[in-house]
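As structure tokens, the structure follows; a few thoughts come after it.
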Amino acid sequence: AGTAPYGYLHCGPSGAGHFVKMVHNGIEYGVMAAYAEGINILKSANAGKRARTADAETSPLENPQYYQFDIDLPQVAEVWRHGSVIGSWLLDLTAGALKNDPALTQFGGRVSDSGEGRWTLKAAIDTGVPAPVLSSALFDRFSSQGESEFADKLLSAMRYAFGGHVEKPKT
Numbered sequence: 012a013g014t015a016p017y018g019y020l021h022c023g024p025s026g027a028g029h030f031v032k033m034v035h036n037g038i039e040y041g042v043m044a045a046y047a048e049g050i051n052i053l054k055s056a057n058a059g060k061r062a063r064t065a066d067a068e069t070s071p072l073e074n075p076q077y078y079q080f081d082i083d084l085p086q087v088a089e090v091w092r093h094g095s096v097i098g099s100w101l102l103d104l105t106a107g108a109l110k111n112d113p114a115l116t117q118f119g120g121r122v123s124d125s126g127e128g129r130w131t132l133k134a135a136i137d138t139g140v141p142a143p144v145l146s147s148a149l150f151d152r153f154s155s156q157g158e159s160e161f162a163d164k165l166l167s168a169m170r171y172a173f174g175g176h177v178e179k180p181k182t
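Numbering of the sequence shown is given in this note's numbering, commencing with residue 12 and proceeding in unit increments.
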């Protein structure tokens with residue numbers, strides 16, 4: 012039967028266990044990003060209740076009547092914890108964080124990476140294995156650290172240069 016049901020496993024020669032744990036942490040990045048994105052969509056489910064002219068140049072919210080929901084995020088996370096296919100310990104932590112502070116006011120949104128995500132992607136590149144979810148999750152962490160601010164300014168400058176697109180003011 013092996014030792015895996017007890018929470019440990021001999022994975023192979025020296026380094027194999029570290030490699031397995033590294034990939035585990037890379038997967039963790041993707042799972043965390045999926046929860047964050049999904050719950051953020053739920054948070055925006057009331058977008059039809061306010062004017063959104065600053066969101067897009069061509070069409071603000073196309074069907075605002077479809078987005079009139081004030082979703083109780085802590086309650087959704089809690090119900091997902093009980094019998095949902097997406098249940099996990101990370102969801103338990105998510106539900107706890109939302110219950111304690113639904114607006115997450117104690118967090119600034121700067122998400123560090125501890126290296127395992129990078130190493131996992133390097134292994135994917137070295138072995139030719141596609142890992143778009145894991146790479147997206149890692150690059151999103153980079154973006155959260157403010158490293159994309161200059162790139163965003165440059166994108167805005169290019170849009171202005173080729174089409175006269177003026178930045179919309181922050182709302």
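By construction, the Cβ of each residue, glycine as well, lies at the ideal position given by its N, Cα and C atoms. Note that the coordinates shown come from a computational prediction; the quantities given were computed from them, not determined experimentally.
Which listed residue (the options) has its alpha carbon closest to that of residue i
i: F118; options: G98, Q156, D137 and L145; result: Q156
i: G126; options: G120, S146 and L20; result: S146
i: I50; options: G23, H21, S123 and D81; result: D81
i: S99; options: H176, S25, M43 and A162; result: M43
i: T105; options: D124, F161, A45 and L72; result: A45
i: L115; options: A15, Y17 and A47; result: A47
Through-space distance from residue j to residue i, alpha-carbon basis
i: G174; j: Q79; result: 34 Å
i: C22; j: G28; result: 5 Å
i: V87; j: Q76; result: 22 Å
i: S167; j: S154; result: 16 Å
i: G89; j: D83; result: Position check: residue 89 holds Glu in this sequence, whereas Gly was assumed. Approximately 10 Å, taken between the alpha carbons.
i: D163; j: S95; result: 38 Å
i: A142; j: I38; result: 10 Å
i: E178; j: N57; result: 24 Å
i: A62; j: L72; result: 9 Å
i: F150; j: D137; result: 18 Å
i: G120; j: G107; result: 17 Å
i: E158; j: V122; result: 12 Å
i: M169; j: K60; result: 33 Å
i: D26; j: E160; result: Note that residue 26 is Gly in the sequence shown, not Asp. Roughly 38 Å separates the two Cα atoms.
i: N180; j: I97; result: First, the residue type needs correcting, since residue 180 is Pro and not Asn in the sequence shown. Their Cα atoms are separated by approximately 37 Å.
Under 7 Å between C-beta atoms of residue i and residue j
i: V144; j: G41; result: yes
i: P85; j: K110; result: yes
i: R2; j: D124; result: The question about residue 2 has no answer, for the chain in this structure spans 12 to 182.
i: W91; j: L102; result: yes
Notebook entry, point to check: Counting pairs of beta carbons, one from the segment 32-42 and one from the segment 128-138, are three or more of them closer than 8 Å?
Noted result: yes
Margin query: To test your reading of the DSSP string, which unbroken alpha helix (DSSP H) runs of 4 or more residues are found completely within the segment 86-117?
Written below: 100-111
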